[in-house]
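Q: Protein chains in written order, with the numbering used here: chain R, 992 to 1274; chain U, 992 to 1274; chain E, 992 to 1274; chain Z, 992 to 1274.
Protein chains: 4
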Amino acid sequence: MNTATLLISCPDRKGLSAAIANFLYTYNANIVHVDQHQDTTENLFLMRVEWDLTDFTLDMEAFTPAFAPIADRFQMEWKVALSSRRQRMAIFVSKYDHCLVDLLHRYRSGELPCEIPLIISNHPDCEPLARFYGIPFHVIPVSKDNKAEAEAQQKALLAEHGIDLIVLARYMQVLSHDFTADYPQRVINIHHSFLPAFDGAKPYHRAFARGVKLIGATSHYVTEVLDDGPIIEQDVIRISHREDVDSLIRKGRDLERIVLSRAVRWHLENRVLVYSNKTVIFS
Amino acid sequence: MNTATLLISCPDRKGLSAAIANFLYTYNANIVHVDQHQDTTENLFLMRVEWDLTDFTLDMEAFTPAFAPIADRFQMEWKVALSSRRQRMAIFVSKYDHCLVDLLHRYRSGELPCEIPLIISNHPDCEPLARFYGIPFHVIPVSKDNKAEAEAQQKALLAEHGIDLIVLARYMQVLSHDFTADYPQRVINIHHSFLPAFDGAKPYHRAFARGVKLIGATSHYVTEVLDDGPIIEQDVIRISHREDVDSLIRKGRDLERIVLSRAVRWHLENRVLVYSNKTVIFS
Amino acid sequence: MNTATLLISCPDRKGLSAAIANFLYTYNANIVHVDQHQDTTENLFLMRVEWDLTDFTLDMEAFTPAFAPIADRFQMEWKVALSSRRQRMAIFVSKYDHCLVDLLHRYRSGELPCEIPLIISNHPDCEPLARFYGIPFHVIPVSKDNKAEAEAQQKALLAEHGIDLIVLARYMQVLSHDFTADYPQRVINIHHSFLPAFDGAKPYHRAFARGVKLIGATSHYVTEVLDDGPIIEQDVIRISHREDVDSLIRKGRDLERIVLSRAVRWHLENRVLVYSNKTVIFS
Amino acid sequence: MNTATLLISCPDRKGLSAAIANFLYTYNANIVHVDQHQDTTENLFLMRVEWDLTDFTLDMEAFTPAFAPIADRFQMEWKVALSSRRQRMAIFVSKYDHCLVDLLHRYRSGELPCEIPLIISNHPDCEPLARFYGIPFHVIPVSKDNKAEAEAQQKALLAEHGIDLIVLARYMQVLSHDFTADYPQRVINIHHSFLPAFDGAKPYHRAFARGVKLIGATSHYVTEVLDDGPIIEQDVIRISHREDVDSLIRKGRDLERIVLSRAVRWHLENRVLVYSNKTVIFS
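#1: Secondary structure at residue 1087 (chain U), three-state DSSP: helix, strand or coil?
#2: Within the continuous alpha helix (DSSP H) that includes residue 1027 (chain Z), where are the two ends?
#3: Give the single residue among Z:1196, Z:1146, Z:1131, Z:1012 whose Cα lies nearest to the Cα of residue 1173 (chain Z).
#4: Helix, strand or coil, according to DSSP, for residue 1095 (chain E) in the structure here?
#5: For the segment 1000-1008 of chain E against the segment 1032-1052 of chain E, are there 3 or more C-beta pairs whose distance is under 8 Å?
#6: Identify each residue in the segment 1213-1224 of chain E for which the Cβ-Cβ distance to at least one residue of chain R is less than 7 Å, and report them in chain order.
#7: Cβ-heavy atom distance between residue 1230 (chain E) and the ligand HEM below 7 Å?
#8: Restricting to Cα atoms, I'd like to know which of Z:1253, Z:1268, Z:1130 is closest to residue 1104 (chain Z).
#9: In chain U, what lies closer than 7 Å to residue 1075 (chain E) by C-beta?
#10: To the nearest whole angstrom, what separates the beta carbons of residue 1131 (chain U) and residue 1113 (chain U), a pair I think is in contact under 8 Å?
#11: Starting from residue 1078 (chain R), follow its DSSP beta bridges and name the residues at the other end.
#12: Can you find a CB in chain R that lies within less than 8 Å of the CB of residue 1082 (chain Z)?
#13: Hey, residue 1089 (chain R) and residue 1201 (chain R) are a contact pair by Cβ (cut 8 Å); roughly how many whole angstroms apart?
#14: So is residue 1159 (chain E) buried or exposed if we call it buried at 16+ other beta carbons inside 10 Å?
#15: So which residues of chain U does residue 1005 (chain R) contact, with C-beta pairs closer than 7 Å?
#16: Just list the beta strand (DSSP E) runs in the segment 1133-1202 of chain R, keeping only unbroken ones of 3 residues or longer that don't cross its boundaries, in chain order.
#17: Could you tell me the distance, in whole angstroms, from the CA atom of residue 970 (chain U) to the CA atom of residue 1264 (chain R)?
#18: Inspect the beta-carbon positions of residue 1028 (chain R) and residue 1232 (chain E) and report whether they are closer than 8 Å.
#19: Count the other CB atoms, across all protein chains shown, that sit within 10 Å of the CB of residue 1225 (chain U); report buried if there are 16 or more and exposed otherwise.
#20: My understanding is that residue 1268 (chain E) touches residue 996 (chain E), with C-beta atoms under 8 Å, so please give their C-beta distance in whole angstroms.
#21: Going along chain C, which residues have a C-beta under 8 Å from residue 1182 (chain R)?
#22: Taking 7 Å as the limit between beta carbons, can you name the residues of its chain near residue 1082 (chain U), skipping five residues before and five after?
#23: Along the chain, where does the alpha helix (DSSP H) that runs through residue 1243 (chain R) open and close?
#24: Taking 8 Å as the CB-CB cut-off, is residue 1039 (chain E) touching chain R?
#25: For a contact defined as C-beta to C-beta under 8 Å, what are the partners of residue 1031 (chain Z) on chain E?
#26: Since residue 1210 (chain Z) and residue 1179 (chain Z) should fall inside the 8 Å C-beta cutoff, what is the C-beta to C-beta distance between them, to a whole number of angstroms?
#27: Taking the alpha-carbon positions, what's the residue 1171 (chain Z) to residue 1214 (chain U) distance?
#28: So which residues on chain U does residue 1245 (chain E) lean against when the C-beta distance must stay under 8 Å?
#29: Could you please give me the residues that DSSP links to residue 1003 (chain E) through a beta bridge?
#30: Give every residue of the same chain whose Cβ lies closer than 8 Å to the Cβ of residue 1117 (chain Z), excluding the five residues on either side of it in the sequence, and list them in chain order.
#31: Listed from N- to C-terminal order along the chain, which residues in the segment 1101-1115 of chain R have their beta-carbon within a distance smaller than 8 Å of any beta-carbon of chain Z?
#32: Please check if any C-beta of chain U sits within less than 8 Å of the C-beta of residue 1013 (chain R).
#33: Considering only C-alpha positions, which residue in the set Z:1049, Z:1123, Z:993, Z:1194 is nearest to residue 1077 (chain Z)?
#34: Return the CA-CA distance between residue 1220 (chain R) and residue 1204 (chain E), expressed in angstroms with no decimal places.
#35: Who are the neighbours of residue 999 (chain U) on chain Z, taking C-beta pairs under 9 Å?
#36: Within 10 angstroms of its Cβ, does residue 1270 (chain U) collect 16 or more other Cβ (buried), or is it exposed?
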């Protein structure tokens, strides 16, 4: 099915639902999914609506001018996405390959509606895997001394391939603020703890030392502040006193894979809206 | 806040959302919650919309005639509920009191928006608890021989107190078909297994014998077929080989309490729609 | 069944298991539960063994001198507990009564093997509940000015009633270090977050502000440092963007009840061993 | 670390623990893991003990005659396994490759202590994947007409490669009783439902039709009766009314991968004991 998805965020006002519903009805939209949410404390209206384009009488090239009066009237932040235009996703990875294996398998089995034009790594280890899936693999070593140059190289590749979304699949380098500022809400990271607990380095070791009874993983958009961006998804698993740090790391890999892949899929399906450093997931 | 909630189920057709949104906008509704769902296989449209009545310009007494043309045009099954009119709930219980204790505490702390005019039991054991919460307690013993009379007595009490919803809080008698037919989608039961596994008697014993690794509980609407009605909520908890049947029963009580109370609250908040022997939960 | 339970913690050395097993076999112990754990990083041996006393040929009055040579040889920290001697538990509560209701119901239904000689509160609100369960209720108001006196009164009551364990069932006062030092590993608190995230005040509000996707609760032994004692149990529940702070608080109550009651039961059944600010749960 | 693991199952009798502990102490065993369980209803004693072989003074070639007197005295069923002798595992697969991808990645990253000398499939689809991991891949088509011959071929391959364990990673053929009888408790299957619910065909479709609120997956040993063997592991995930059968299948894949891999790992680490059509997991 060929669909369009509209994501809207604006101050909540009467008449909003009617205005949007009437607009879509005017052009004979066959709606397949609607979800909306009102944040009463912030007086915000947030909506996702997806419709089948088969009978839609408005040419999508003309959508923006046609919708603009409504968007202006209600001071909307909005975007529209077409299922026919798959997002272009780059994966950054270091040596740990479990998230990469998982993303590539989901990609090939059709779970992730995207193109993956390239994988970037600071190590060559994952290259055979990339080759197996037929995806160009670029090794760009990163050290204290060459960080700026390395990022320049990375940026050039991203620009060249028209990348929409960057996924840090256990990429062990911190991106500079300049870098992430270029991709607001378009860099997804997986952190191996239940944030805000154990942000920063060595979360499994610290979870072990603290004696927690559950460990977690968190996928989030990357912002200026380390491990502080809007959380997209989290999950946890129970551990016992029988387990050592290695066991936590092993169990954690399963969480990381699943939590990261959910976030990536939701992003690619235009199910995520960000406000106030939080996310709404229109699932 | 004084609100009205509209629940709608009808064949999915273009213009539905617009018709409803326009109707509400016409009377200046301040919408606080909307959720809708399309079942594409059955071509069904299901919706819950709740609005603040403060600025609503249509007298709710006049709602039905005003909304009827839209309802007719789209062949809706619908109902509207007012938060000012709390549902009247009867609890049936036998000797196990853990669900009763839980419901009464939630009721008193304001979690359950309802009145509880009476508790009916086939045993006197729970009477002190009912008295503590100030709720009339009726003992109606049930045996093979007097079942019809007992149900007649129960029905008379329910009618007398204008009961909307019956909650079977581990009530150990099977209600007759005649009885439940009088309260379609208005009798909620808690079954102590993860249905459809272990329907019928002694589910914990059978779960133990089968060697499952998780046990569950299921709340559902009661229908003609035992343990086969629309499922409202389910949950599970992990067990280990260290646990015996008594331990399963103990752990299961926590599930039963929580799973039943969620179902009851969702029903009372008009969040449940039933179709095709399933439920939609507008949470 | 009348049982004895031995809890042991000591440096791990060869021959430990054999020494303990031989000792118990010598006196014809009928073992019903054994669990042991080795922490290889700290070279610690931790064990719980419970045996039926029916055929046990050693008088339990003579247990300590009989076991002492083994305990000395292996530098054990150890204790033995008899199921015939139920621990004496005091509950501290403020105004929120959900954990209290839960503990009292479990107590009366036999889930918690203890005596509850008294409940202490800084408010009179929960008194009717205590009276319903037939448990003496002492109101000791606490303010900045009278804290020392109030604690003196509390301590006097605890001493008078021979209290073994203090449970803080959402008691909204911080106990002084002097107080908790008198009851090492014998004061259990419930904190309404997934520690170490959101320690301190208003965890639900902060969880809401951070936009987490799961909320949690943590039961732990109280130590000098606020919310930093050994964790006994934790659990979490999923939340969505649809939920506000009130909803988090409501959902959290279910977690608090369950997480606290598990910790209390495990403690009363002598299933908890503490080392390195962590717990081993011999379940 | 080079270890030996002893698994014991026998009638529970006094002196058992002492006899085993003394035996191991006699030969200077450095125990790294002990777990034991008594099933009081069946009067069974079940134990797993693992020890470091570094200082062990008994040659493992001589273990059986040395241990035999104790084993005989207590009527033990027992086996001893050496970590130095990795089990040889065959994977059977059809077209769905998600479990295979997962097992092979875990195998290569060292999570699964085994050799994988071959993969057998009734379709050629997964061959590139097998080649990527360097594992011989045998295509043996199966139809109604050639089933006996196909199994004969499979058996010959298994015998030739000295296979200890067969993992059915979504293998879509039912093995004959003769076949499974040759590998008692050595064939692990993944069933895509929470057994005993939805045993047999099309479990996701039936789960969808029944309107359950959670879906599950179950790994179990294969026996004569379809989907009725001893359960090794189960897990579930929540679904909502928003999800269709395709979504259940997608979510279920994550469950299948994790539930199967846990069972395989526990089996390979000699953590599973079977009795009364149940499993004890010494985790």
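No residue lacks a Cβ here, since even glycine has one placed at the ideal position from N, Cα and C. The structure presented is a predicted model; accordingly, all values stated were derived computationally and were not measured.
A: If we stick to the structure as given:
#1: Taking the first residue of the second sequence as 1, we reach residue 1087 (chain U) at position 96. Residue state, collapsed to three classes: coil.
#2: Sequence index remark: in the fourth sequence, residue 1027 (chain Z) carries index 36 (1-based). Where residue 1027 (chain Z) is concerned, there is no enclosing alpha helix (DSSP H), although the beta strand (DSSP E) it sits in stretches over 1021-1030.
#3: Start at 1 with the first residue of the fourth sequence, and residue 1173 (chain Z) comes out as number 182. For the residues Z:1196, Z:1146, Z:1131, Z:1012, the minimum Cα distance to residue 1173 (chain Z) belongs to Z:1146.
#4: Counting from 1 along the third sequence, the entry for residue 1095 (chain E) is found at position 104. Three-state result, residue 1095 (chain E): helix.
#5: yes
#6: 1221, 1222, 1224
#7: Among the ligands in the structure shown, none appear at all, so the ligand HEM cannot be discussed.
#8: The residue labelled residue 1104 (chain Z) in the question sits at position 113 within the fourth sequence. Answer by Cα proximity: Z:1253.
#9: Numbered from its first residue, the third sequence carries residue 1075 (chain E) at position 84. By Cβ distance, chain U contributes nothing, its closest Cβ being about 20 Å from residue 1075 (chain E), past 7 Å.
#10: For the purposes of this step, residue 1131 (chain U) is identified with residue 140 of the second sequence, where counting begins at 1. For the purposes of this step, residue 1113 (chain U) is identified with residue 122 of the second sequence, where counting begins at 1. Between residue 1113 (chain U) and residue 1131 (chain U) the Cβ distance is about 6 Å, and since that is below 8 Å, they are a contact.
#11: Your numbering for residue 1078 (chain R) matches position 87 in the first sequence. Answer is R:1105.
#12: Residue numbering aside, residue 1082 (chain Z) sits at position 91 when the fourth sequence is read from its first letter. Chain R contact via Cβ: absent.
#13: Taking the first residue of the first sequence as position 1, residue 1089 (chain R) is located at position 98. Taking the first residue of the first sequence as position 1, residue 1201 (chain R) is located at position 210. So it is not a contact: roughly 24 Å between Cβ atoms.
#14: Taking the third sequence and counting its residues from 1, one reaches residue 1159 (chain E) at position 168. Classification of residue 1159 (chain E): buried, given that the 10 Å Cβ count is 16 or more.
#15: In the first sequence, the residue the question calls residue 1005 (chain R) occupies position 14. Those within 7 Å of residue 1005 (chain R) in chain U are 1016, 1019, 1021.
#16: 1156-1159, 1178-1182
#17: No information on residue 970 (chain U) is available, as it lies outside the stretch 992 to 1274 that chain U covers here.
#18: By one-based count along the first sequence, residue 1028 (chain R) stands at place 37. By one-based count along the third sequence, residue 1232 (chain E) stands at place 241. For residue 1028 (chain R) and residue 1232 (chain E), yes; Cβs fall inside 8 Å.
#19: Mapped onto the second sequence, residue 1225 (chain U) falls at position 234. Buried, by the Cβ-count rule.
#20: Along the third sequence, read from residue 1 onward, the residue named residue 1268 (chain E) stands at position 277. Along the third sequence, read from residue 1 onward, the residue named residue 996 (chain E) stands at position 5. So it is not a contact: roughly 23 Å between Cβ atoms.
#21: Among the chains of the structure shown, chain C does not appear; the protein chains present are R, U, E and Z.
#22: As a working note, residue 1082 (chain U) is residue 91 in the second sequence. The residues are 1091, 1094, 1107, 1110, 1158, 1160.
#23: Here residue 1243 (chain R) is taken as the residue at index 252 of the first sequence, counted from 1. Unbroken alpha helix (DSSP H) run through residue 1243 (chain R): 1236-1259.
#24: Counted from its first residue, the third sequence places residue 1039 (chain E) at position 48. With 8 Å as the cut-off, residue 1039 (chain E) does not count as an interface residue toward chain R.
#25: Start at 1 with the first residue of the fourth sequence, and residue 1031 (chain Z) comes out as number 40. Going along chain E in sequence order, the residues near residue 1031 (chain Z) (Cβ under 8 Å) are 1023.
#26: Locating residue 1210 (chain Z) in the fourth sequence gives position 219, counting from the first residue. Locating residue 1179 (chain Z) in the fourth sequence gives position 188, counting from the first residue. Right, their Cβ atoms sit about 6 Å apart.
#27: Indexing the fourth sequence from 1 puts residue 1171 (chain Z) at position 180. Indexing the second sequence from 1 puts residue 1214 (chain U) at position 223. Taking the straight line joining both Cα atoms gives about 42 Å.
#28: Taking the first residue of the third sequence as position 1, residue 1245 (chain E) is located at position 254. Simply 1249.
#29: In the third sequence, counting from the first residue as 1, residue 1003 (chain E) sits at position 12. Note: residue 1003 (chain E) sits in no beta bridge, so no partner.
#30: Position 126 of the fourth sequence, counted from the first residue, corresponds to residue 1117 (chain Z). If we look at residue 1117 (chain Z) and ignore the five residues flanking it on each side, its Cβ neighbours are 1084, 1086, 1088, 1091, 1110, 1128.
#31: 1102
#32: Here residue 1013 (chain R) is taken as the residue at index 22 of the first sequence, counted from 1. Chain U contact via Cβ: present.
#33: Within the fourth sequence, residue 1077 (chain Z) is the residue found at index 86, counting from 1. Among Z:1049, Z:1123, Z:993, Z:1194, the Cα nearest to that of residue 1077 (chain Z) is on Z:993.
#34: Sequence index remark: in the first sequence, residue 1220 (chain R) carries index 229 (1-based). Sequence index remark: in the third sequence, residue 1204 (chain E) carries index 213 (1-based). If I take the Cα positions, the gap works out to 13 Å.
#35: As a working mapping, residue 999 (chain U) is identified with position 8 in the second sequence. Those within 9 Å of residue 999 (chain U) in chain Z number zero; the least Cβ separation is about 15 Å.
#36: The sequence position of residue 1270 (chain U) within the second sequence is 279, counting from 1. Buried, by the Cβ-count rule.
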